[in-house]
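Numbering (the working numbering), first residue to last: 455 to 561. Where is the CB? At the ideal position from N, CA and C, for every residue including glycine.
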């Protein structure tokens with residue numbers, strides 16, 4: 455940033471993407487811009503600090519819980535089922551079978 459007052463639209467965009475930044479899920483260039491803005495903007499720096507503290511607290515308090523061993527398989531299976539339903543619905547002649555989709559949801 456150039457030392458100018460941050461514009462509300464800049465702050466809004468930064469706050470919209472704050473968790474992507476905190477989770478290191480941004481491309482480097484965008485991450486650099488976020489860091490510059492946060493360094494120059496007191497309200498965004500305060501929000502960043504608060505969200506970072508909350509994230510660390512949640513990790514410390516909840517990060518020790520064991521995940522059921524079959525949860526990953528169930529989640530991936532459900533994702534595959536949803537993708538299959540979407541593919542079938544997108545086919546020009548294909549009508550999705552509502553009973554099949556309902557059976558998957560009940561599983």
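Q. What's the call for residue 491, buried or exposed, on a 16-neighbour Cβ count within 10 Å?
A. Taking the first residue of the chain shown as position 1, residue 491 is located at position 37. Its Cβ being crowded by 16 or more others within 10 Å, residue 491 is buried.
**Q.** Inter-residue Cα distance where the pair is residue 521 and residue 527
**A.** Residue mapping note: residue 521 aligns to position 67 of the chain shown, counting from 1. Residue mapping note: residue 527 aligns to position 73 of the chain shown, counting from 1. When rounded, the separation of the alpha-carbon atoms in residue 521 and residue 527 is 12 Å.
Q. Using the beta-carbon count (16 or more within 10 Å), is residue 468 buried or exposed?
A. Residue numbering aside, residue 468 sits at position 14 when the chain shown is read from its first letter. Buried.
(Q) Quick check: residue 473 and residue 488, are their CB atoms within less than 7 Å of each other? (A) In the chain shown, residue 473 corresponds to position 19, counting from 1. In the chain shown, residue 488 corresponds to position 34, counting from 1. Their beta carbons are not under 7 Å apart, which means residue 473 does not touch residue 488 by this criterion.
Q: Kindly indicate which three-state DSSP category residue 520 falls into: helix, strand or coil?
A: Locating residue 520 in the chain shown gives position 66, where the first residue counts as 1. Three-state result, residue 520: coil.
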